[in-house]
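Note that the protein sequences, when read in sequence, are chains A and F.
First residue of the first sequence: 177, per the working numbering; consecutive thereafter.
First residue of the second sequence: 17, per the working numbering; consecutive thereafter.
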Amino acid sequence: MINFYQFIPEIFILALILLTLCFGLFNKDRSIAINAVGFFILTLILINFGKDFYISTDLSLNTINLFVLSKIILSIGSIVFILLSKRPLKNENLYRYEYILFILFAILGSFVLISSDNFLTAFIGLELQSLSLYLMAAFNTKNLKSNEAGIKYFSLGALSSGFLLFGISMIYYDTGSFYMQNLNNFTTISEIGLSLVLISLFFKVSAAPFHIWTPDVYEGSPTISTLFFASLPKFASLIFLFRVYQELNISGIQSLNYIFQIVCAISLLVGVYGAITQKVIKRLLAFSSINHIGFMLLGIMSYQFMSEGTLFFYLIIYLITTFGIFAVLLNLRTVDGEFTKISQLNGLRFTSNSKSISMLVFFFSLAGIPPFAGFFAKFFILSASITDGFFFLSIVAVLSSVIAAFYYLTIIKNMFFNKSEIELLDDNNKIGKVIFISFGLIITLFFFYPDPLINLVDNLFK
Amino acid sequence: MTSLTYNHFFILSLIVFIIGCFGLFLNRRNMILILMCIEIILLAANINFVSASVFLNDINGQVFSIFILTIAAAEAAIGLAILVIYFRNKGEIDITQINQLKD
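Have a look at this one:
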């Protein structure tokens with residue numbers, strides 16, 4: 177029996193959307209404040225009553241915790257993102273209230289996607305998410321690169337949703353249902369259909385070999401949109417991929433299992449080899465995110481002997497680092513416009529201490545160097561996968577992370593020891609500064625006070 | 017005279033799907049054709065859903081196909097909107113000219 181009580185988080189966001197639609201026309205600043213406060217209230221509601229929303233469903237407790245924890249993370253992420261987005265949008269003359277609406281629609285889509293238990297609502301959530309993402313990519317209407325990023329993202333994204341739909345229709349023909357709990361006996365046709373669904377989901381999380389859009393879209397879109405693509409929708413899609421893997425018991429289907437392992441290995445390798453030659457920082461971050469997706473797929477596959485906590489821990493650390501890096505990048509400007517090239521980071525230490533040290537922390541954490549939280553994230557994933565018997569993939573993961581350390585460390589070396597080629601202007605965005613300093617502190621202090629984060633992840637899964 | 021079975025419809029939808037995919041990959045000129053091919057792919061899924069729903073005697077497939085229709089309309093609108101702003105800046109919609117973003 178479905179009752180409306182379960183949909184309170186989604187209805188809350190819908191109310192925020194309607195409020196923004198009415199209010200944003202008159203006062204953009206206030207609509208940002210309203211949305212930030214709204215998401216704060218939503219976070220409080222989810223923390224206090226989250227588990228009650230799902231009390232009447234027949235889902236297992238683990239799934240309920242998964243819903244609640246990922247929704248809490250999404251709404252905290254949207255608070256940070258909404259607060260961060262104001263200044264960069266103003267700098268690029270993109271400060272229109274529609275942008276906030278796209279964020280809200282994408283977050284609503286992510287919420288629907290996470291809590292859906294059948295492919296119909298999952299499809300609607302995914303489309304709600306990606307339709308707003310196409311528009312966010314093309315939001316800088318005067319800029320040809322941004323338009324081109326929008327076209328590329330749209331055409332490839334629409335193709336992938338076509339694959340998703342055809343896959344679902346094949347599953348529906350074969351099993352007579354698209355509810356995930358009814359799907360257990362797979363014949364060849366529904367295996368093909370499920371692999372089409374998986375291909376589409378791999379596309380959405382930009383796992384190689386379905387990653388071709390990622391570097392172009394990351395480079396062309398406004399930097400603030402790039403931050404959004406890299407963080408929250410990708411998080412939601414990964415959670416859905418995890419649920420599909422778990423509930424349809426894909427580890428028991430040999431052919432699909434091979435697809436997962438091959439995609440994981442290719443993402444790990446493409447992520448590092450593509451990044452080495454890059455000169456544009458956003459392209460480098462795109463390839464680095466493909467590499468991290470490889471790690472996350474490894475975490476999805478090897479959940480059996482460890483708790484889901486390992487995957488979640490990795491995701492949280494990845495989100496924090498991505499937000500931190502982009503908060504630093506958004507705070508930097510060159511004299512003649514937005515800052516793009518990696519070489520422009522040279523000598524950042526002489527411009528700003530706080531930014532260079534935060535970048536040092538984030539890149540060390542991405543490379544997986546011990547005192548920082550990124551090391552523990554990679555360590556947990558690797559120990560889980562070795563316990564689960566994925567030796568080959570673990571070796572590939574370790575090797576890829578060694579190669580990845582090369583380009584992360586090169587950037588750090590250039591920041592601290594090279595002379596600056598170009599004058600960087602400080603944007604002096606107070607909110608951005610607070611965000612990257614506090615996230616840098618979280619990444620660093622995790623080594624000394626690991627309990628809060630570990631307990632959060634652990635308790636929610638018991 | 018053989019009667020129509022579900023398999024005929026499935027093969028039809030498979031053929032339509034493959035036509036859509038090939039159209040997307042072989043088309044080297046026009047951006048509008050990409051939009052049309054995407055619509056064809058969604059149409060293939062729709063044929064499959066509706067025919068499966070009739071043969072399985074289950075209403076869910078038809079509900080799904082109505083959702084697909086609405087979302088396809090939204091998608092086409094957004095695609096055309098992006099295309100229009102691109103055309104305003106560039107003055108043409110030739111795919112071979114979409115090459116600003118490279119390493």
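Heads up, the beta-carbon is just placed ideally off N, CA and C, and yes, glycines get one too.
Below 8 Å, can you find three or more Cβ-Cβ pairs linking the segment 466-477 of chain A to the segment 441-456 of chain A? yes
Quick one: what does DSSP say Tyr625 (chain A) is sitting in, helix, strand or coil? coil
When you compare the segment 299-307 of chain A with the segment 330-345 of chain A, are there three or more beta-carbon pairs, one atom per stretch, that lie closer than 8 Å? yes
Could you tell me the boundaries of the beta strand (DSSP E) in which Arg419 (chain A) lies? Run containing Arg419 (chain A): none in the beta strand (DSSP E); it sits in the alpha helix (DSSP H), Leu408 to Glu423.
Within 10 angstroms of the Cβ of Arg123 (chain F), are there 16 or more other Cβ atoms? Answer buried if so, exposed if not. The requested residue 123 (chain F) does not occur in the structure, where chain F is confined to residues 17 to 119.
Own chain residues within Cβ distance below 7 Å of Phe33 (chain F), not counting five before or after: Exclusion of the five residues before and after Phe33 (chain F) leaves Ile57 and Ala60 as the residues of its chain whose Cβ lies within less than 7 Å of its Cβ.
Determine, using beta carbons only, whether Asp392 (chain A) comes closer than 8 Å to chain F. yes
With a Cβ-Cβ cutoff of 8 Å, do Leu277 (chain A) and Ile344 (chain A) count as a contact? With a cutoff of 8 Å on beta-carbon distance, Leu277 (chain A) and Ile344 (chain A) are scored as not near each other.
Check the Cβ-Cβ distances between Gly77 (chain F) and every residue of chain A, and say whether any is below 8 Å. yes
Give the residues of chain A in contact with Leu42 (chain F), contact being defined as C-beta atoms less than 8 Å apart. Near Leu42 (chain F) there are no residues of chain A at all, since even the closest Cβ is about 14 Å away, more than 8 Å.
Chain-order list of residues whose beta-carbon lies under 6 Å from that of Val306 (chain A) (same chain, five-residue window excluded): According to the sequence shown, residue 306 (chain A) is Ser rather than Val. So the qualifying residues of the chain are Gly333.
Tyr310 (chain A) CB to nearest chain F CB: under 8 Å? Judged by the 8 Å Cβ criterion, Tyr310 (chain A) is in contact with chain F.
Cutting at 6 Å between CB atoms, please list the residues of its own chain near Ile172 (chain A), excluding the five before and the five after it. Any answer about residue 172 (chain A) is impossible in this case: the structure gives chain A only from 177 up to 638.
Between the beta-carbon of Tyr584 (chain A) and the beta-carbon of Leu542 (chain A), is there less than 8 Å? yes
CA-to-CA distance, Ile258 (chain A) to Arg525 (chain A), given in whole angstroms: 28 Å
Is the CB-CB distance between Ile618 (chain A) and Ile533 (chain A) below 8 Å? no
Which of the three DSSP states is assigned to Val600 (chain A) in this structure? The residue you asked about is not Val; residue 600 (chain A) is Leu in the sequence shown. Reduced to three states, the DSSP call for Leu600 (chain A) is strand.
Range covered by the beta strand (DSSP E) that runs through Arg509 (chain A): Leu508 to Thr510
By the criterion of Cβ-Cβ separation under 9 Å, what are the contact partners of Asn46 (chain F) in chain A? Chain A residues near Asn46 (chain F): none, gap ~12 Å exceeds 9 Å.
Quick one: grab the DSSP three-state call for Tyr329 (chain A). helix
Report the partner residues of Thr355 (chain A) according to the DSSP bridge assignment. Looking at the sequence itself, residue 355 (chain A) is Tyr, so the reference to Thr does not match. According to DSSP, which records beta bridges pairwise, Tyr355 (chain A) is partnered with A:Asn294.
By how many angstroms is the C-alpha of Ile588 (chain A) removed from the C-alpha of Leu265 (chain A)? C-alpha separation (whole angstroms): 28 Å.
So for Lys247 (chain A), helix, strand or coil by DSSP? helix
Opposite Lys517 (chain A) in the DSSP bridges: which residues? Answer is A:Val456.
Identify, in the order they occur along the chain, each residue of the same chain with its Cβ nearer than 7 Å to the Cβ of Leu417 (chain A), setting aside the five sequence neighbours on each side. Leu377, Val381 and Ile476
Output needed for Lys106 (chain F): all residues of its chain with C-beta closer than 8 Å, excluding positions within five of it in sequence on either side, in chain order. Gln113
In the structure shown, what three-state DSSP assignment does Asp110 (chain F) receive? Asp110 (chain F) falls in the strand class under three-state DSSP.
On the three-state DSSP scale, how would you describe Asn115 (chain F)? coil
Own chain, CB closer than 8 Å to Leu51 (chain F), minus 5 neighbours either side, in chain order: Ala92, Gly95, Leu96 and Leu99
Residue closest to Gly369 (chain A), alpha-carbon to alpha-carbon, out of A:Phe379, A:Ile375, A:Trp389 and A:Ile347: For the set A:Phe379, A:Ile375, A:Trp389 and A:Ile347, the Cα lying nearest the Cα of Gly369 (chain A) is the one of A:Ile347.
Determine whether the Cβ of Asp74 (chain F) lies closer than 8 Å to any Cβ atom of chain A. Interface residue, yes.
Residues of chain A with CB closer than 8 Å to the CB of Ala89 (chain F), please, in chain order. The premise fails here: Ala89 (chain F) is roughly 11 Å from chain A at the closest Cβ pair, so nothing lies under 8 Å.
Helix, strand or coil for Asn433 (chain A) per DSSP? helix
Take Leu250 (chain A) as the anchor and find which of A:Ala412, A:Ser331, A:Asn361 and A:Asn267 has the nearest alpha-carbon. A:Ala412
When you compare the CB of Leu20 (chain F) with every CB in chain A, is at least one pair closer than 8 Å? For Leu20 (chain F), the answer is no, since every Cβ of chain A falls outside 8 Å of its Cβ.
To the nearest angstrom, report how far apart Ser232 (chain A) and Phe552 (chain A) are at their CA atoms. Reliability fails at Ser232 (chain A), whose pLDDT of 47 lies under 50, so the model's placement of it is uncertain and no value is given.
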